[in-house]
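Protein chains in written order, with our numbering: chain A, 7 to 353; chain B, 112 to 435. Data block below; observations after.
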Amino acid sequence: MKSLLLEVYRRPLGRASLFVLIALYLGALFAGFLATQPVNSQDLAHTYHPPTPIVWHDGGLAVPDYRVVDKSGPRYERTGEYHRLRLLAPGFEYRLLGLLPLQRHLVQPVDPSAKVYLLGSDSTGRCVFSRLVYGSRVSLLIGLVGITITLFLGLLVGGLSGYFGGRIDFFAMRGVEFLMAIPSLYLLLALRSVLAPRFNSDQMFVVIVIILSLIGWAGAARVLRGMSLSLRRRQFVLAAESMGQSPLRILRLHILPNLASYLLVAATLSIPGYILGEAALSFLGLGIAEPASSWGLMLSQAQNIKIFMLNFWWLLTPGVAMFVTVIAFNLLGDVLRDIVDPRMKTQ
Amino acid sequence: MLAFLLRRLLTLVPLLLGVTLLAFLLMWLAPGDFLTPMKMQRDIPADLIQQLEADFGLNRPWYVQYGYWLGNVLQLNLGYSWSFKVPVSDLIGSRLFSTFLLSLTSTLFAWVVAIPLGVLAAIYKDSIFDRVSSFLAYAALSIPEFFLALLAVWFAAVTGWFPVGGATSIEYDYLSAGGQFVDRLYHLILPTLVLGIGGVAGLMRVMRANFLDTIRAEYVQTARAKGVPEGVVMFKHVLRNALNPLISAFGFSFSGLLSGALIVEIVMNYPGLGNLIYQALLREDQFVVLASIMLSCVMLVLGNLVADLCLAWSDPRIRLENQE
């Protein structure tokens, strides 16, 4: 494990993607610290606010002050005044890692009535940057949780049916084929309409993870079955069997370690699927719901025609964040695969 | 050959039964039904709702409803859309055409662009062109489709060069046959690009890898050694063999396009099958959901079948009869 990490670190692409992912996950962990405003503090006087650049003014960091010149737009103009910013300053209260109540933030305006919109504001005057940081929690966590459940199910069903064969294998594989034959997006929609009304928006996260992994495990189970089927005929498994080891012990001690490298690569390469799946669901209004924040949900706002003309680009930042995350996971997966299995290298 | 076809088509029967049963169960488990929004309105008398419930058969247990539905389907009657007030077969027929058109153009686009690019990247391996195209393909594979669709809509709205949504213009019915054709094509350009880009990137990567694998094969060396011109080696020996794995991918892409187009159809407001299923699921318009899900399954199985047939046609070494 340690040597694998070192090997990844030694390759420039691996190192880059590792750094990007670590930065993203740190950002999600310390979302409250990075955010300039609470996740759903609305301000109807500052809707569609342009992004405020941080500038050096009068011997300190500051953001320019804006005033509305045309309410119907709304259009903003700089007043020429500046609001002082302070690093590590107290602001709204939040809980670090969900436990520790804190007030310190990375940047806060000295004057609490001043507004800092690093990426502008949306249709109800919420800070896009703060929502982006908070939203990353959903998007980044969903991949990890989803892939854990998927691989667990896949390993259980695939490993057992490959090892035991016979009737178990037959029924398990017919079930898997059935799941794979259903158009997954529609299954997703149908499952979500069944499960959704029984849960509130906080529990929705869990529901979505479960739905996504219920659909995803079939493919993994099939591959894992094939691998354990071929491992089963290898000499070391036969030797263990003839020594009278129990099937569970054989699975745990002899088969699982041989699947580990595949599991690692498959996990890394399929996390983007979960991130995109959640985003698509939320985008359609079927996933994480307001007032919580997620990247897909934020992007669905960009469909509003008014936003097209006002601050479209700033509302697209969740899309960019998603792109960066997905590409980092894909790169890391490719690098891992090259290390684990050099024959698979895509020239 | 015929036995193979029959066997593959027979697997459809349990599959369709299972999928429709699952869909029926899920819709039954989901709280509310098609009439729920009506029940919310105070000015609709209760006896009307009761009558509608009886008409739609919603007051019967779900297995009876399913039995009736199955009986009708076996008589080739797909039922009646409650929300659109037209027979489901008409509704799906019109939507299927739009989706099929979109699938066709985007698949064509993906193949026509990806194969030459992949071949060029393989022939000029490690050149600037290869590096740039590999990087772009990587990027294209990581962009969420709906994000791309949003950009396309924005582009259409800001420049005004393309229609913002839909499959036809308002005056479509008054156009001449040629005008209608051009109008449809014009509306297809952006959705095709959005749907096709992912396909281009994926196919290109596979094509390049296959081509590089085949170049190293011994028969290629033999061909070169006996003095076959380089162009003939590349196109007759390498390309034909490198294309094989892609042909089976063709069938899969055909089956995937139906559900893959869902989000793009919704964002770009394209009146296709995906859009229809989405709306029907939200409104619990039972028969539309069932029929379209059935159709998707059939497309999936047919797509895989077409893939196998194409593969057998392009590679004489493959014998269909020996497969499962």
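The beta carbon of each residue, even a glycine, is placed where N, CA and C say it ideally should be.
Rounded Cβ spacing between residue i and residue j (contact assumed at less than 8 Å)
i: LEU384/B; j: LEU219/B; result: Their Cβ separation, rounded to whole angstroms, is 19 Å, which puts LEU384/B and LEU219/B out of contact at 8 Å.
i: ALA278/B; j: VAL305/B; result: The Cβ separation is near 14 Å, so there is no contact.
i: ALA330/A; j: VAL116/A; result: The sequence given here places Val at residue 330/A; Ala does not occur at that position. Not confirmed; about 32 Å, so no contact.
i: ALA260/B; j: VAL375/B; result: 5 Å
i: VAL311/B; j: ALA251/B; result: 7 Å
i: GLY229/B; j: ARG319/B; result: 4 Å
i: LEU35/A; j: LEU103/A; result: 6 Å
i: LEU30/A; j: LEU146/A; result: 6 Å
i: VAL224/B; j: CYS408/B; result: At roughly 30 Å, the Cβ-Cβ gap does not stay under 8 Å, so VAL224/B and CYS408/B are not in contact.
Proximal residues of chain B, C-beta to C-beta of residue i below 7 Å
i: VAL200/A; result: LEU137, LEU140, ALA141
i: LEU282/A; result: PRO255
Extent of the continuous beta strand (DSSP E) run through residue i
i: ARG92/A; result: 81-102
i: GLN114/A; result: 106-115
i: LEU67/A; result: 66-76
Closest residue to residue i among the options (Cα-Cα distance)
i: GLY171/A; options: PRO253/A, PHE25/A, SER127/A; result: PRO253/A
i: ILE261/A; options: LEU230/A, PRO278/A, ILE281/A, ILE277/A; result: LEU230/A
i: PHE322/B; options: ARG118/B, MET379/B, LYS236/B, VAL339/B; result: LYS236/B
i: ALA391/B; options: LEU128/B, TYR191/B, MET151/B; result: TYR191/B
i: LEU274/A; options: GLY250/A, LEU103/A, ILE153/A; result: Strictly speaking, residue 274/A in this sequence is Thr, with Leu absent from that position. Taking only the C-alpha atoms, the option nearest THR274/A is ILE153/A.
i: GLY38/A; options: LEU292/A, GLY97/A, LEU337/A; result: GLY97/A
i: VAL399/B; options: ASP158/B, PHE115/B, SER194/B; result: SER194/B
i: GLN43/A; options: ASP76/A, ARG17/A, TYR123/A, VAL14/A; result: TYR123/A
i: SER403/B; options: PHE135/B, PHE115/B, LEU117/B, LEU121/B; result: PHE135/B
i: ARG198/A; options: THR323/A, ALA187/A, ASN206/A, ILE217/A; result: ILE217/A
i: ASP201/B; options: LEU413/B, ALA418/B, ARG394/B, LEU387/B; result: LEU387/B
i: LEU132/B; options: MET405/B, ASP419/B, VAL409/B; result: MET405/B
i: VAL199/B; options: SER407/B, ASP396/B, MET410/B; result: ASP396/B
i: LEU301/B; options: ARG319/B, ALA328/B, TYR283/B, GLY271/B; result: GLY271/B
i: ASN336/A; options: ALA248/B, PHE115/B, LEU187/B, TYR177/B; result: ALA248/B
i: VAL144/A; options: ARG258/A, PHE242/A, HIS111/A, GLU284/A; result: GLU284/A
i: LEU19/A; options: ARG394/B, ARG171/B, PHE246/B; result: PHE246/B
i: PRO356/B; options: GLU282/B, LEU187/B, ASP324/B, ALA334/B; result: ASP324/B
i: ARG343/A; options: GLY225/A, ALA266/A, VAL113/A; result: ALA266/A
i: LEU50/A; options: PRO80/A, GLY131/A, TYR88/A, ILE60/A; result: GLY131/A
i: HIS55/A; options: VAL74/A, HIS63/A, ALA68/A, LEU40/A; result: VAL74/A
Residue i beta carbon near the ligand MG (any heavy atom closer than 6 Å)
i: LYS121/A; result: The ligand MG is absent from the structure shown, which contains no ligands of any kind.
Own chain, CB closer than 8 Å to residue i, minus 5 neighbours either side, in chain order
i: LEU282/A; result: MET328, VAL332
i: MET179/A; result: SER167, ARG228, ARG231
i: ILE326/B; result: ALA233, VAL349
Other residues of its chain near residue i: CB distance less than 7 Å, five sequence neighbours each side excluded
i: ASN433/B; result: Reliability fails at ASN433/B, whose pLDDT of 49 lies under 50, so the model's placement of it is uncertain and the value that follows must be treated cautiously. So the list is empty, once near-sequence residues are dropped.
i: LEU235/A; result: GLY168
Endpoints, the alpha helix (DSSP H) within which residue i is located
i: LEU270/A; result: 262-289
i: ALA308/A; result: ALA308/A -> no alpha helix (DSSP H), and no H or E assigned at all.
i: TRP222/B; result: 199-234
i: HIS298/B; result: 288-326
i: TRP173/B; result: 173-185
i: VAL61/A; result: That residue, VAL61/A, is in no alpha helix (DSSP H); its beta strand (DSSP E) goes 61-63.
i: LEU120/B; result: 113-121
i: ASP175/A; result: 172-187
i: SER253/B; result: 239-253
i: LEU261/B; result: 256-270
i: PHE145/B; result: Looking at the DSSP string, PHE145/B is not in any alpha helix (DSSP H), and its letter there is neither H nor E.
i: LEU35/A; result: 18-35
i: ILE155/B; result: Segment: none, ILE155/B is in no alpha helix (DSSP H) and carries neither H nor E.
i: ARG255/A; result: 253-256
Closer than 9 Å at the beta carbon, the chain B residues around residue i
i: LEU294/A; result: A quick correction: the sequence has Ile, not Leu, at residue 294/A. Under the 9 Å cutoff, chain B gives no residues; its nearest Cβ is about 15 Å from ILE294/A.
i: LEU305/A; result: PRO255, PHE257, PHE258, LEU261
i: GLN309/A; result: LEU261, VAL264, VAL378
i: PHE329/A; result: ALA250, SER253, ILE254, PRO255, PHE258
Cβ neighbours of residue i in the same chain (closer than 6 Å, five flanking residues each side left out)
i: GLY338/B; result: none
i: GLN353/A; result: Reliability of the predicted coordinates at GLN353/A is poor, the pLDDT of 42 falling under 50, and no value is obtained from them.
i: TRP173/B; result: TRP139
i: ARG17/A; result: VAL341
i: LEU416/B; result: ARG119
i: LEU189/B; result: VAL199, SER200, ALA402
i: LEU305/A; result: PHE289, PRO324, GLY325
i: SER23/A; result: ALA334, LEU337, LEU338
i: GLU13/A; result: ILE345
Amino acids of chain A, ordered along the chain, whose beta-carbon sits closer than 7 Å to that of residue i
i: ALA134/B; result: ALA196
i: GLY129/B; result: PHE184
Chain-ordered neighbours of residue i on chain B, where CB pairs are closer than 8 Å
i: ILE333/A; result: TYR249, ALA250, SER253
i: ASN46/A; result: Those do not exist, as ASN46/A stays about 23 Å from chain B at its closest Cβ, beyond 8 Å.
Interface residues of chain A facing residue i [CB-CB closer than 9 Å]
i: GLY307/B; result: Near GLY307/B there are no residues of chain A at all, since even the closest Cβ is about 18 Å away, more than 9 Å.
i: ILE374/B; result: LEU191, ALA286, PHE289, LEU290
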